[in-house]
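Asker:
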Amino acid sequence: MSTYTLDTSTSRAHPTPAPMRRLTVPKLQARKGGEPIVALTAYTTRMAQLLDPHCDLLLVGDSLGQVIYGLPSTVPVSLDMMCAHGAAVVRGSWHAVVAVDMPFGSYEASPAQAFESAARVLKETGAAAVKLEGGEAMAETIAFLIRRGIPVIGHVGLTPQAVNTLGGYGARGGDREEAGHILADARAIAAAGCFAIVVENVVEELAVELTRAVSCPTIGIGASAQCDGQIVVTEDMLGLFERTPRFVRRHDDLASRIGDTAATYAAEVRSRAFPGEAEIYRTGK
Ligand code: KIV
């Protein structure tokens with residue numbers, strides 16, 4: 013197990029004694045069928061510092077719309093938000109590949125629009141890759157980006173940016189026809205050159221079939237343990253919200269622990285038990 017020192021001037025976590033080189037996109041791509049890829053979402057420097065030693069991939073997901081900004085969906089998320097949070101996560105990490113979500117409206121119009129947005133993301137954040145949602149319809153754009161030096165993670169199955177056409181966040185691929193479309197989507201974007209594909213909230217058999225059908229790693233979220241890696245929204249895993257998706261295992265109950273801590277603090281303030289400067293100076297506590 014490595015130890016880390018925190019450089020407070022840059023907020024970077026440095027491994028002790030020697031810096032390790034960051035994982036690369038080709039190294040992650042080569043994990044197909046091998047050691048599972050550990051991925052989590054991160055939106056802030058401090059969270060990146062805490063997660064990075066344990067992860068192969070940190071995704072600055074557009075789920076930050078709901079998690080950080082209290083928005084009703086990922087649809088209103090902007091490129092400015094993604095760039096600001098992407099840069100924060102890169103500053104807080106040294107080991108994992110950092111990928112940033114392309115927000116709704118920043119890439120769908122044309123390959124040229126996608127290139128302009130994705131190039132801005134890589135320049136302003138220092139991230140190594142972008143992720144975008146969609147299947148066959150996005151294959152040309154994905155190939156365009158990759159030929160121009162921008163690694164891309166695809167995203168099929170439940171694609172939250174399409175909530176208005178899907179009509180909700182339910183599991184996808186339940187009937188053979190829809191499963192066939194999702195499989196065709198995954199094949200098309202894998203052939204276009206994605207180095208990994210997120211497979212979200214699809215029935216297990218489809219996730220297994222899809223993982224066998226494509227040559228790049230699949231990263232499941234509510235899909236199957238047979239995917240080549242797994243990702244969840246970190247705040248869901250930590251139990252920061254009362255409601256979490258059905259497929260998320262809550263490893264903690266951070267919401268009630270934060271509430272309890274805030275209540276303790278509030279009680280101290282109200283009972284004037286809060287130490288002042290003079291008291292800290294006098295007692296050293
Ligand atoms: O936006 C996000 O956080 C994601 C992951 C849940 C895969 O796309």
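Numbering of the sequence shown is given in our numbering, commencing with residue 13 and proceeding in unit increments.
Glycine residues also receive a C-beta, built at the ideal position from the N, C-alpha and C atoms.
This structure is a prediction, so every number in the text was calculated from the model and none was measured.
#1: Tell me the DSSP secondary structure of I292 in three-state form.
#2: Identify the residues that DSSP records as bridge partners of H66: which are they?
#3: Can you list the beta strand (DSSP E) stretches of 3 or more residues lying completely in the segment 135–209, in chain order?
#4: Please report the residue range of the beta strand (DSSP E) in which V244 lies.
#5: Could you give the DSSP three-state label for G104: helix, strand or coil?
#6: Using 8 Å for Cβ pairs, my map puts A208 next to L40. What's the rounded Cβ distance?
#7: Is the closest heavy atom of ligand 1 to the C-beta of I80 under 8 Å?
#8: On a Cα-Cα basis, can you pick out the residue from G296, F253 and A141 that is closest to I158?
#9: With a 10 Å radius around its C-beta and 16 neighbouring C-beta atoms as the bar for buried, classify A30 as buried or exposed.
#10: Give a yes or no on whether 9 Å exceeds the smallest Cβ distance from D74 to chain B.
#11: Compute the beta-carbon to beta-carbon distance between V211 and C239, rounded to the nearest angstrom, for a pair I have assumed lies under 8 Å.
#12: If we ignore side chains and look at the alpha-carbon of each, how far apart do A99 and G117 end up?
#13: For V109, which of helix, strand or coil comes out of DSSP?
#14: Return helix, strand or coil for G73, following the three-state DSSP convention.
#15: Buried or exposed: where does N213 fall if 16 or more other Cβ atoms within 10 Å of its Cβ makes it buried?
#16: Any heavy atom of ligand 1 inside 8 Å of the beta-carbon of T53?
#17: According to DSSP, is S283 helix, strand or coil?
#18: Compute the beta-carbon to beta-carbon distance between L91 and P123, rounded to the nearest angstrom, for a pair I have assumed lies under 8 Å.
#19: Tell me, please, which residues DSSP counts as bridged to T86.
#20: Run through the DSSP bridge pairs and tell me what T53 is partnered with.
Answerer: Let me lay it out:
#1: To locate residue 292, count along the sequence shown from 1; it is residue 280. If DSSP states are grouped into helix, strand and coil, I292 belongs with the helices.
#2: Position 54 of the sequence shown, counting from 1, holds the residue named residue 66. In DSSP, H66 forms no bridge with anything.
#3: DSSP runs (the beta strand (DSSP E)) wholly in the segment 135–209: 141–143 and 164–169.
#4: In the sequence shown, counting from the first residue as 1, residue 244 sits at position 232. G241 to V244 is the span of the beta strand (DSSP E), which, as asked, contains V244.
#5: Against the sequence shown, residue 104 aligns to sequence position 92. Here DSSP, grouped into helix, strand and coil, assigns G104 to coil.
#6: Against the sequence shown, residue 208 aligns to sequence position 196. Against the sequence shown, residue 40 aligns to sequence position 28. Between the beta-carbon of A208 and that of L40 there is about 6 Å, and that keeps the pair under the 8 Å contact cut.
#7: For the purposes of this step, residue 80 is taken as the residue at position 68 of the sequence shown. For ligand 1, not one heavy atom lies less than 8 Å from the Cβ of I80.
#8: Taking the sequence shown and counting its residues from 1, the one referred to as residue 158 is at position 146. Closest by alpha carbon: A141.
#9: For the purposes of this step, residue 30 is taken as the residue at position 18 of the sequence shown. Residue confidence is low: A30 scores 48 on pLDDT, short of 50, so the model does not pin down where it sits. No coordinate-derived value is stated.
#10: The displayed structure is made up of one protein chain only, and chain B is not part of it.
#11: Position 199 of the sequence shown holds residue 211. Position 227 of the sequence shown holds residue 239. With a Cβ gap of about 6 Å, V211 and C239 count as contacting.
#12: Indexing the sequence shown from 1 puts residue 99 at position 87. Indexing the sequence shown from 1 puts residue 117 at position 105. Distance between the alpha carbons of A99 and G117: 20 Å.
#13: Numbered from its first residue, the sequence shown carries residue 109 at position 97. If DSSP states are grouped into helix, strand and coil, V109 belongs with the strands.
#14: On the sequence shown, position 61 is the one that residue 73 refers to. The answer is coil: DSSP assigns G73 none of H, G, I, E or B.
#15: In the sequence shown, counting from the first residue as 1, residue 213 sits at position 201. Counting Cβ neighbours within 10 Å, N213 comes out buried, since at least 16 surround it.
#16: Position 41 of the sequence shown, counted from the first residue, corresponds to residue 53. Yes.
#17: Working through the sequence shown from its first residue, we reach residue 283 at position 271. In this structure, S283 counts as coil in the three-state DSSP scheme.
#18: Mapped onto the sequence shown, residue 91 falls at position 79. Mapped onto the sequence shown, residue 123 falls at position 111. The C-beta distance from L91 to P123 rounds to 17 Å, too long to fall under 8 Å, and the pair is not in contact.
#19: Locating residue 86 in the sequence shown gives position 74, counting from the first residue. Answer by DSSP bridge pairing: none, since T86 is not bridged.
#20: Against the sequence shown, residue 53 aligns to sequence position 41. Partner residues in the beta bridge of T53, as assigned by DSSP, are L71.
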